[in-house]
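Asks: For the sequence shown, our numbering assigns the number 2 to the initial residue and increments by one for each residue that follows.
Idealized CB from N, CA, C, for every residue including glycine.
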Amino acid sequence: MDNNSIPGRYAVVGNPIAHSRSPQIHAAFAQQLGRRIDYRAELVPLDQFERWVAHFFALGGLGLNVTLPFKTRAFELADEASSRAQSAGAANFLVRDDDGRIVADNTDGKGLVSDMTAGAGWSLAGARVLLIGAGGAVKGVIPALLEASPKYISIVNRTAERAERLADEWRAMGAQVRGADLESGASGEWDVVINGTSTGLSGGMPTLPDTLKMAPGCRCYDMAYGNQPTPFMLWSTERGAAATRDGLGMLVEQAAESFYLWIGDYPDTRPVIDLLRGL
Numbered sequence: 002m003d004n005n006s007i008p009g010r011y012a013v014v015g016n017p018i019a020h021s022r023s024p025q026i027h028a029a030f031a032q033q034l035g036r037r038i039d040y041r042a043e044l045v046p047l048d049q050f051e052r053w054v055a056h057f058f059a060l061g062g063l064g065l066n067v068t069l070p071f072k073t074r075a076f077e078l079a080d081e082a083s084s085r086a087q088s089a090g091a092a093n094f095l096v097r098d099d100d101g102r103i104v105a106d107n108t109d110g111k112g113l114v115s116d117m118t119a120g121a122g123w124s125l126a127g128a129r130v131l132l133i134g135a136g137g138a139v140k141g142v143i144p145a146l147l148e149a150s151p152k153y154i155s156i157v158n159r160t161a162e163r164a165e166r167l168a169d170e171w172r173a174m175g176a177q178v179r180g181a182d183l184e185s186g187a188s189g190e191w192d193v194v195i196n197g198t199s200t201g202l203s204g205g206m207p208t209l210p211d212t213l214k215m216a217p218g219c220r221c222y223d224m225a226y227g228n229q230p231t232p233f234m235l236w237s238t239e240r241g242a243a244a245t246r247d248g249l250g251m252l253v254e255q256a257a258e259s260f261y262l263w264i265g266d267y268p269d270t271r272p273v274i275d276l277l278r279g280l
């Protein structure tokens, strides 16, 4: 029997998860490449993540995508982690290898930078980047952002200690990364502003100071996405941003990397992004 006749079981796990478009994305990838997969969105209770993952793989599950709020815990439970996951200290990708070991990776950073550069045509080289948030989603994108050669990255968070601790980890490796609270750290002029908080999922946005200034040509990116422009995108436009973008393209790009790591074929992301934009 052709192995492709038996759908492999995959899932995206999070809490909340009802908003996720990952099942649509992976279904589109599979159709495009003539593959069969069973990919579902699974709501996992906050206190049962590790147990749920172990059960999923014990029953023959092949791979997981991991979203809020489990990315740090996904990294911690893995038996092995890629250099990307190790650099981030967080994982959005889990796979069981041939020896039964759970291996973690992080495709978020590649997804974000691919969407910003190849998708939107933005340049990060030499840019002053403001990164809002200090959770697992932000941890996952810092390595890829640094590889794009910005002038520096300033991480700001409602709790200053979290931003400072995250920045200190990278500064110890020689990276131009700062950390501070929202009020003081966001002050100044920025070329790129990225919202990495989960506020967009609930229709909100982080409280940002009036002292945040956008340089001419400033681009603003919200890692959240929805059917309409997010509150952060609307705020950015009102403040004079030259361009705004939500995280749908990032979602598709990181999913393509996950699909490739699981299946071995790399899908074309553009038609899938266009399809989802039209829904």
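Just how far apart, CA to CA, sit residue 225 and residue 134?
Replies: So the alpha carbons of these two residues sit roughly 12 Å apart.
Asks: Please report how far the alpha carbon of residue 26 lies from the alpha carbon of residue 56, in whole angstroms.
Replies: Looking at the two C-alpha atoms, the distance is approximately 25 Å.
Asks: Specify, as a first and last residue, the run of the alpha helix (DSSP H) that residue 24 falls within.
Replies: Segment 23 to 34, the alpha helix (DSSP H) holding residue 24.
Asks: I'd like to know whether the C-beta of residue 185 is nearer than 7 Å to at least one C-beta of chain B.
Replies: Although the question refers to chain B, the structure presented lacks it and comprises just one protein chain.
Asks: Might you give, ordered along the chain, the residues of its own chain that have their beta carbon closer than 7 Å to the beta carbon of residue 29, omitting 5 neighbours on each side?
Replies: For residue 29, where only same-chain residues beyond five positions count, the Cβ hits under 7 Å are 273, 276.
Asks: Nearest to residue 62 by alpha carbon, out of 173, 98, 15?
Replies: For residue 62, the nearest C-alpha among the options comes from 98.
Asks: According to the neighbour-count rule (16 or more other Cβ atoms, all chains shown, within 10 Å of its Cβ), is residue 215 buried or exposed?
Replies: Buried.
Asks: With DSSP as the reference, label residue 44 as helix, strand or coil.
Replies: DSSP places residue 44 in strand when its eight states are reduced to three.
Asks: Alpha carbon to alpha carbon, how far is residue 247 from residue 271? Give it in angstroms, no decimals.
Replies: Computed Cα separation, rounded: 15 Å.
Asks: Taking the alpha carbon of residue 282 as the point to measure from, which residue in 65, 31, 76 has its own alpha carbon closest?
Replies: Because the chain is modelled from 2 through 280, residue 282 falls outside the range shown and cannot be assessed.
Asks: If you count every other CB in all the chains shown that lies within 10 Å of the CB of residue 206, and 16 or more means buried, which is it?
Replies: Residue 206 should be labelled buried.
Asks: Name the DSSP beta bridge partners of residue 191, please?
Replies: Note: residue 191 sits in a beta bridge opposite 215.
Asks: To which residues of the same chain is residue 137 closer than 6 Å at the C-beta, ignoring the five residues directly before and after it?
Replies: So the qualifying residues of the chain are 72, 73, 91.
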